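Q: What follows is a structure written as structure tokens; I'll ask about it next.
Number of protein chains: 2
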Amino acid sequence: MRVVQKFGGSSVADADSIKRVARRIVATQQRGLEVVVVISAMGDTTDELMELALKVSPQPRARELDMLLTAGERMSAALLAMAINDLGATARSFTGSQAGVITTGTHGDARIIDITPGRIVSALDDGDIVIVAGFQGVSQTTKDVTTLGRGASDTTAVALAAALHASHCEIYSDVDGVFTADPRIVPGARRIPEICYEDMLEMAANGAKILHLRCVEYARRENVPVHVRSSFSDRPGTWVKDINYEEGGMEQPLISGVAHDRSEAKITIVGVPDQVGAAASIFTTVADADINIDMIVQNVSREHEARTDISFTLAQQDGAKAIKALRAVQEQIGFFDVLYNDQVGKVSVVGVGMRSHPGVTARFFRALADAGVNIGMISTSEIRISVVVDIDDVDRAVRAGHTAFGLDSDEQAIVYAGTGR
Amino acid sequence: MRVVQKFGGSSVADADSIKRVARRIVATQQRGLEVVVVISAMGDTTDELMELALKVSPQPRARELDMLLTAGERMSAALLAMAINDLGATARSFTGSQAGVITTGTHGDARIIDITPGRIVSALDDGDIVIVAGFQGVSQTTKDVTTLGRGASDTTAVALAAALHASHCEIYSDVDGVFTADPRIVPGARRIPEICYEDMLEMAANGAKILHLRCVEYARRENVPVHVRSSFSDRPGTWVKDINYEEGGMEQPLISGVAHDRSEAKITIVGVPDQVGAAASIFTTVADADINIDMIVQNVSREHEARTDISFTLAQQDGAKAIKALRAVQEQIGFFDVLYNDQVGKVSVVGVGMRSHPGVTARFFRALADAGVNIGMISTSEIRISVVVDIDDVDRAVRAGHTAFGLDSDEQAIVYAGTGR
């Protein structure tokens with residue numbers, strides 16, 4: 009049986025951490041498993057390399073930046089292999105390119121196209137532990153070294169698990185798993201033992217930082233069970249996997265968890281002419297500036313004015329660029345003003361169980377009202393309800409949602425869909 | 009016309025140095041040349057990585073050490089390419105593997121077998137400046153990353169110059185070229201404008217640190233002219249090349265220079281039985297311990313004792329290992345004792361011109377005697393005379409040799425072979 013384990017930068021921040029992780033990996037092999045490890049760069053290495061690059065060039069060319077940054081994982085992979093070799097096991101390190109991680113050519117944000125793990129399989133056949141440098145691959149077209157974007161070592165791990173037909177992929181972190189809410193905000197938040205891909209996707213997309221969105225997407229597509237757990241303990245963490253509630257006889261939770269995100273901002277375009285194509289022009293402008301938007305709300309048009317307001321949310325880091333792009337078309341489109349507000353937060357309740365339960369929205373909004381939280385914007389999917397609130401209300405909104413759906417830790421911890429009827 | 013330029017670690021020690029080197033490289037391209045640059049790791053990077061490795065593992069596996077250390081040149085290559093791209097030229101960096109540097113599989117000390125520079129040529133055809141990470145390659149058999157041994161970026165540069173049919177290879181350093189002696193010892197030492205491969209080989213093998221032996225060997229074999237020069241000036245340095253004195257009408261120097269080496273030690277084995285095979289046993293023992301020896305002197309056997317003394321020199325770093333190996337066979341071979349002395353130095357006069365001049369040895373020894381230097385051991389080749397002297401006599405011996413062969417800087421600086429007759 010094969011397993012892929014991924015350790016992040018904080019797990020290999022110094023020589024002692026590397027040795028600790030090495031012991032853990034060797035213990036896994038000693039339990040009779042074939043082990044492939046995906047490793048991130050040590051501690052702050054990537055940030056330090058980036059700083060060095062900016063000292064040399066104000067805007068480093070992306071190809072060369074990838075060449076530079078990939079040195080980080082290469083170093084940690086080699087060091088980890090050395091540490092394992094001292095424990096009586098044998099390990100071989102591979103770069104992304106050597107491991108057969110084939111990607112698109114978009115430097116800094118490449119996508120994995122294919123994995124050709126010939127060298128990995130042959131090392132496993134030799135009885136070796138395989139260490140793969142995460143976050144990197146090789147462009148299918150140019151054969152240049154690429155990076156998958158920050159934090160994408162998780163995706164490398166899941167992609168390798170799929171290509172190697174591993175039983176599952178273990179993502180190690182400094183927390184015990186996925187929680188029903190951020191325990192720093194909700195002290196009674198509980199570890200979720202199992203969560204389906206859909207819920208994990210929504211949690212990740214709406215602020216839960218434990219797993220990267222692309223990693224979860226990949227895991228769902230390839231049906232790779234992911235075990236998110238702590239590198240500091242042997243306790244079970246959270247299994248992200250396909251859950252058939254009917255078949256397993258399990259009760260489906262109404263809500264899996266409450267996610268929040270303070271990294272967005274809200275832009276309001278005031279006095280948009282109520283004409284065909286005005287909204288299209290606005291969002292074409294934003295899209296052309298290569299900015300992703302999240303929620304959109306268009307106010308009901310005030311008929312006597314023939315004008316409306318449009319609000320949308322986007323990542324704070326794109327704020328200045330968006331404002332600039334919109335100002336440039338203000339006259340042409342003919343709106344009155346652009347307002348920017350980054351003192352907002354998004355709070356989402358997530359759960360596939362809500363599909364069959366129309367009362368969820370009402371219960372959430374009632375809880376927010378009772379907590380005195382004013383709702384700025386609303387957006388829903390089939391399995392998620394998100395609200396934008398004032399940044400000072402985020403914590404209260406998270407706690408209110410968590411309590412309202414019975415997620416607070418006590419003997420009757422989870423409100424199951426079955427009991428809500 | 010193509011040129012290969014090699015810059016060492018001190019030339020790219022920080023962001024400012026990298027930018028300075030970048031300007032130099034772009035200026036070369038602007039003179040109409042196709043430029044391939046071989047780069048070492050920044051400043052002390054390699055030592056720092058080695059330190060890190062030793063923190064993780066007392067004896068890091070060689071394959072993984074190569075994986076780790078090669079990150080150094082990868083980083084400097086990427087940074088240099090970024091800096092060049094900011095100057096309006098375009099540069100692409102390549103690892104040794106990407107550049108097609110095919111080597112043997114001896115990790116830490118691999119030899120270049122072949123260069124397959126397809127990607128380099130194609131980048132040059134695109135008008136790009138090519139930056140190659142020095143000191144590294146890829147094993148022909150295992151496809152693993154290899155290093156060529158410390159300082160071997162010079163060899164990478166010469167090998168690439170040969171494979172790319174470059175007009176010549178420029179090795180940049182912090183001095184102006186090859187000198188007739190170390191200017192710190194001989195203030196009147198002169199830069200040698202041209203030196204033949206043979207003399208440069210002997211200089212390098214006998215302590216002149218400016219070029220690595222293997223690099224000169226490669227240059228001679230492939231007939232690549234090497235220009236050794238300073239990265240801090242535009243002055244001409246030293247051309248190492250094939251010199252046909254007959255044809256060029258040049259006068260051949262009797263002596264090219266005086267080299268010295270303080271890194272050796274002398275071992276004397278006392279009371280070796282004067283029997284067939286005793287010396288063979290001793291040197292087999294040393295060879296089996298993987299120790300290279302330099303000079304050997306066997307004393308004339310004292311007939312009434314049927315015993316002799318054997319002395320040889322070796323690198324100081326191998327001293328402890330050699331003593332241990334010899335002590336282990338002392339009883340079996342039956343010698344009396346092993347003496348170790350690292351308070352010695354080797355001084356060599358080098359020059360193809362001495363082939364036709366039997367008087368050179370006499371002149372050198374006379375000069376040493378006049379300077380009060382006692383000669384411990386003597387070794388000669390067709391174009392070199394070396395003596396081992398007490399370490400405190402090294403400077404005096406160098407100066408004596410330098411003066412004796414008229415190398416001191418003045419208007420009649422060089423003693424040409426023709427004038428010595």
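Line order of the protein sequences matches chains A and B. Just so you know, we're using this note's numbering here: the first sequence kicks off at 9 and counts up by one. Just so you know, we're using this note's numbering here: the second sequence kicks off at 9 and counts up by one. Glycine is no exception: its CB is placed at the ideal position from the N, C-alpha and C atoms. Being a predicted model, the structure only gives us computed values, none of them experimental.
Would you say Phe413/B reaches chain A, if we count a Cβ-Cβ gap shorter than 9 Å as a contact?
A: Not an interface residue.
Q: Strictly by DSSP, which residues pair up with Leu322/A?
A: Paired residue(s): Ala273/A and Ile301/A.
Q: Since Asp117/B and Gly157/B are thought to touch, with beta carbons under 8 Å apart, how far apart are those beta carbons, to the nearest angstrom?
A: Between Gly157/B and Asp117/B the Cβ distance is about 4 Å, and since that is below 8 Å, they are a contact.
Q: Would you say Ser65/B reaches chain A, if we count a Cβ-Cβ gap shorter than 9 Å as a contact?
A: Ser65/B counts as touching chain A.
Q: Does the beta carbon of Leu60/B sit closer than 9 Å to a beta carbon anywhere in chain A?
A: Yes, contact with chain A.
Q: Among Asn93/B, Ala267/B, Asp22/B and Pro68/B, whose alpha-carbon lies nearest the alpha-carbon of Arg69/A?
A: When each option's Cα is compared against that of Arg69/A, the closest is Asn93/B.
Q: Compare the Cα-Cα distances from Gly215/A to each of Val395/A, Met362/A and Ala333/A and report the closest residue.
A: Looking at the Cα atoms, Val395/A is the closest of the given residues.
Q: Return helix, strand or coil for Met385/A, following the three-state DSSP convention.
A: Met385/A: strand per DSSP, three-state reduction.
Q: For the structure I just gave you, are there three or more beta carbon pairs, one from the segment 204-214 of chain B and one from the segment 276-283 of chain B, closer than 8 Å?
A: In short, these stretches do not touch, since the Cβ pair count stays below three.
Q: If you draw a straight line from the alpha carbon of Ile393/A to that of Ala212/A, how long is it in whole angstroms?
A: Using only the alpha carbons, I get a separation of about 14 Å.
Q: Would you say Asp317/A and Ile290/A are within 9 Å of each other, going by their C-beta atoms?
A: No, these two residues do not count as a Cβ contact at 9 Å.
Q: Please say whether Val138/B and Val43/B have beta carbons closer to each other than 9 Å?
A: Yes. Within cutoff.
Q: What number of angstroms, rounded off, separates the C-alpha of Ala197/A from the C-alpha of Thr154/B?
A: Cα-Cα distance, rounded: 50 Å.
Q: Do Gly409/B and Ile263/B have their beta-carbon atoms positioned less than 9 Å apart in this structure?
A: Cβ atoms of Ile263/B and Gly409/B: closer than 9 Å.
Q: Can you find a C-beta in chain B that's less than 9 Å from the C-beta of Gln420/A?
A: Note on Gln420/A: pLDDT 37, under 50, position unreliable in the model; no value is reported.
Q: Compute the distance between the beta-carbons of Tyr226/A and Gln13/A, then report whether it is under 9 Å.
A: Against a cut-off of 9 Å, the Cβ pair of Gln13/A and Tyr226/A comes out as no contact.
Q: Give the residues of chain B in contact with Ile5/A, contact being defined as C-beta atoms less than 7 Å apart.
A: Outside the modelled stretch of chain A, which goes from 9 to 429, sits residue 5/A, for which no answer is possible.
Q: Only counting the same chain, and skipping five residues up and downstream in sequence, which positions put a Cβ closer than 7 Å to that of Gln37/A?
A: For Gln37/A, where only same-chain residues beyond five positions count, the Cβ hits under 7 Å are Val43, Ala97 and Ile137.
Q: Would you kindly check if the distance between the Cβ of Ala23/A and the Cβ of Leu430/A is under 9 Å?
A: Any question about residue 430/A goes unanswered here, given that chain A covers just 9 to 429.
Q: For a minimum of 4 consecutive residues, which ranges assigned as the alpha helix (DSSP H) are wholly contained in the segment 42-120 of chain B?
A: List check, alpha helix (DSSP H) in window: 53-64 and 70-93.
Q: Could you tell me whether the Cβ of Thr124/B comes closer than 9 Å to any Cβ of chain A?
A: Not one chain A Cβ lies under 9 Å of Thr124/B.
Q: Quick one: which residues of the segment 243-254 of chain B get their C-beta closer than 9 Å to a C-beta of chain A? List them in chain order.
A: Listed in sequence order: no entries.
Q: How long is the line joining the alpha carbons of Gly361/A and Ser19/A, rounded to whole angstroms?
A: Approximately 35 Å, taken between the alpha carbons.
Q: Tell me which residue opens and which closes the beta strand (DSSP E) that Gln37/B is part of.
A: Per DSSP, Gln37/B belongs to no beta strand (DSSP E); it is in the alpha helix (DSSP H), Ala23 to Gln38.
Q: Please report the distance separating the alpha-carbon of Val381/A from that of Ala288/A.
A: The straight-line gap from Cα to Cα measures roughly 32 Å.
Q: At the 9 Å Cβ level, is Pro68/B part of the contact set with chain A, yes or no?
A: So, interface residue.
Q: Closer than 9 Å, CB to CB, is Thr321/B near chain E or not?
A: In the structure shown, chain E does not exist; the protein chains are A and B.
Q: Are the Cβ atoms of Ser238/B and Asp182/B separated by less than 9 Å?
A: Cβ distance < 9 Å, so Ser238/B and Asp182/B count as in contact.
Q: Using the Cα positions of Val266/B and Gly414/B, report the straight-line distance between them to the nearest angstrom.
A: Distance between the alpha carbons of Val266/B and Gly414/B: 11 Å.
Q: Can you pull the DSSP bridge partners for Phe187/A?
A: Paired residue(s): Arg199/A.
Q: Determine contact between the segment 186-195 of chain B and the segment 325-345 of chain B, defined as no fewer than three beta-carbon pairs at a distance below 8 Å.
A: Verdict: no, contact absent.
Q: Can you tell me the Cα-Cα spacing of Leu347/B and Phe240/A, whole angstroms?
A: About 55 Å.
Q: With 9 Å set as the bound, which would you pick, yes or no: does the beta-carbon of Thr103/A sit closer than that to a beta-carbon of chain B?
A: Taking Cβ atoms only, chain B reaches closer than 9 Å to Thr103/A, which makes this a yes.
Q: Report yes or no: is there a C-beta of chain A within less than 9 Å of the C-beta of Thr155/B?
A: Answer no: the Cβ-Cβ gap between Thr155/B and chain A never drops below 9 Å.
Q: Taking the alpha carbon of Gly108/B as the point to measure from, which residue in Leu168/B, Arg100/B, Asp52/B and Asp350/B has its own alpha carbon closest?
A: If we check each option's Cα against that of Gly108/B, Leu168/B comes out closest.
Q: Residues bridged to Asn349/B by DSSP?
A: Beta-bridge pairing links Asn349/B to Lys274/B.
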